[in-house]
Amino acid sequence: METERLYEITAYTENQVGLLSAIAGIFTRRSLNIEKLLVYPSQIEGVHKFKILTRASETQIRAVVLQIEKKVDVIKAYYEIDQERSGREIRDVKEFLTQREKDNNQI
(Lines of atoms letter the chains of each structure in order from A and count residues from 1; the text may use other names and numbers.)
(Lines give C-alpha, C1' and ligand atoms only; values in the text may rest on other atoms or scores of the structure.)
Protein backbone atom coordinates (compact mmCIF):
# COMPACT_ATOMS: atom_id res chain seq x y z
CA MET A 1 0.00 0.00 0.00
CA GLU A 2 1.29 3.45 -0.90
CA THR A 3 1.96 5.88 1.90
CA GLU A 4 -0.01 9.08 2.05
CA ARG A 5 1.79 12.41 1.99
CA LEU A 6 0.72 16.00 2.05
CA TYR A 7 0.53 17.38 -1.50
CA GLU A 8 -0.21 20.81 -2.87
CA ILE A 9 -2.11 20.98 -6.14
CA THR A 10 -1.89 24.18 -8.17
CA ALA A 11 -4.40 24.81 -10.94
CA TYR A 12 -4.64 27.80 -13.26
CA THR A 13 -8.22 28.31 -14.37
CA GLU A 14 -10.59 30.62 -16.12
CA ASN A 15 -12.93 32.41 -13.73
CA GLN A 16 -16.14 30.43 -14.26
CA VAL A 17 -19.18 29.96 -12.03
CA GLY A 18 -19.38 26.45 -10.57
CA LEU A 19 -15.72 25.53 -11.08
CA LEU A 20 -14.99 25.34 -7.35
CA SER A 21 -17.92 22.98 -6.90
CA ALA A 22 -16.69 20.79 -9.77
CA ILE A 23 -13.18 20.61 -8.31
CA ALA A 24 -14.52 19.85 -4.82
CA GLY A 25 -16.59 17.04 -6.36
CA ILE A 26 -13.42 15.41 -7.70
CA PHE A 27 -12.08 15.21 -4.14
CA THR A 28 -15.41 13.99 -2.75
CA ARG A 29 -15.65 11.13 -5.25
CA ARG A 30 -12.19 9.95 -4.20
CA SER A 31 -12.88 10.41 -0.45
CA LEU A 32 -10.06 12.94 -0.14
CA ASN A 33 -10.23 15.84 2.28
CA ILE A 34 -9.17 19.33 1.24
CA GLU A 35 -6.92 20.46 4.08
CA LYS A 36 -6.45 23.98 2.74
CA LEU A 37 -7.84 25.94 -0.19
CA LEU A 38 -6.66 29.26 -1.56
CA VAL A 39 -8.09 30.84 -4.71
CA TYR A 40 -6.95 34.18 -6.06
CA PRO A 41 -6.37 36.03 -9.34
CA SER A 42 -3.08 35.25 -11.05
CA GLN A 43 -0.90 37.81 -12.79
CA ILE A 44 -2.69 37.00 -16.04
CA GLU A 45 -5.98 38.84 -16.43
CA GLY A 46 -8.97 36.50 -16.36
CA VAL A 47 -6.96 33.59 -14.95
CA HIS A 48 -7.29 32.44 -11.34
CA LYS A 49 -4.97 30.26 -9.32
CA PHE A 50 -6.22 27.46 -7.09
CA LYS A 51 -3.91 26.09 -4.40
CA ILE A 52 -5.27 22.95 -2.76
CA LEU A 53 -3.56 21.08 0.05
CA THR A 54 -4.57 17.43 0.54
CA ARG A 55 -3.23 14.20 1.99
CA ALA A 56 -3.14 11.33 -0.51
CA SER A 57 -0.99 8.67 -2.11
CA GLU A 58 0.91 9.60 -5.26
CA THR A 59 -1.39 7.41 -7.34
CA GLN A 60 -4.43 9.23 -5.98
CA ILE A 61 -2.90 12.67 -6.46
CA ARG A 62 -1.99 11.93 -10.07
CA ALA A 63 -5.56 10.82 -10.77
CA VAL A 64 -6.97 13.95 -9.12
CA VAL A 65 -4.69 16.28 -11.10
CA LEU A 66 -5.56 14.53 -14.38
CA GLN A 67 -9.27 14.83 -13.57
CA ILE A 68 -8.89 18.53 -12.70
CA GLU A 69 -7.07 19.16 -15.99
CA LYS A 70 -9.94 17.55 -17.92
CA LYS A 71 -12.26 20.35 -16.80
CA VAL A 72 -12.82 22.74 -19.69
CA ASP A 73 -12.07 25.84 -17.62
CA VAL A 74 -8.77 24.53 -16.23
CA ILE A 75 -5.70 25.71 -18.12
CA LYS A 76 -3.03 23.73 -16.24
CA ALA A 77 -2.79 21.73 -13.02
CA TYR A 78 0.16 20.12 -11.27
CA TYR A 79 1.17 18.86 -7.82
CA GLU A 80 4.15 18.98 -5.48
CA ILE A 81 5.01 17.40 -2.16
CA ASP A 82 4.17 19.78 0.68
CA GLN A 83 7.78 20.11 1.85
CA GLU A 84 8.79 21.54 -1.52
CA ARG A 85 6.30 24.37 -1.38
CA SER A 86 6.69 25.95 2.07
CA GLY A 87 8.54 29.13 1.05
CA ARG A 88 6.58 29.63 -2.16
CA GLU A 89 3.28 29.80 -0.30
CA ILE A 90 4.41 32.81 1.71
CA ARG A 91 5.69 34.54 -1.43
CA ASP A 92 2.42 33.81 -3.27
CA VAL A 93 0.33 35.29 -0.48
CA LYS A 94 2.55 38.36 -0.27
CA GLU A 95 2.31 38.73 -4.05
CA PHE A 96 -1.47 38.52 -3.88
CA LEU A 97 -1.69 41.11 -1.09
CA THR A 98 0.66 43.47 -2.92
CA GLN A 99 -1.37 43.15 -6.13
CA ARG A 100 -4.62 43.70 -4.27
CA GLU A 101 -3.21 46.82 -2.64
CA LYS A 102 -2.11 48.12 -6.08
CA ASP A 103 -5.55 47.38 -7.52
CA ASN A 104 -7.26 49.17 -4.62
CA ASN A 105 -5.04 52.21 -5.09
CA GLN A 106 -6.04 52.41 -8.77
CA ILE A 107 -9.74 52.72 -7.91
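With this note's numbering, the residue at position 67 of the sequence shown is 54, and numbering never jumps.
Each residue gets a CB set at the ideal place from its N, CA and C atoms; glycine is no exception.
- Taken through DSSP and simplified to helix, strand or coil, Thr(-10) comes out as coil.
- One Cα belongs to Pro28, the other to Val51, and the distance between them is close to 22 Å.
- Shortest Cα-Cα distance from Phe37 to any of Ala43, Asp60, Arg17 involves Asp60.
- Annotation: Ile31 is outside any alpha helix (DSSP H) and is labelled neither H nor E by DSSP.
- DSSP lists Tyr(-1), Tyr27 as the bridge partner or partners of Lys36.
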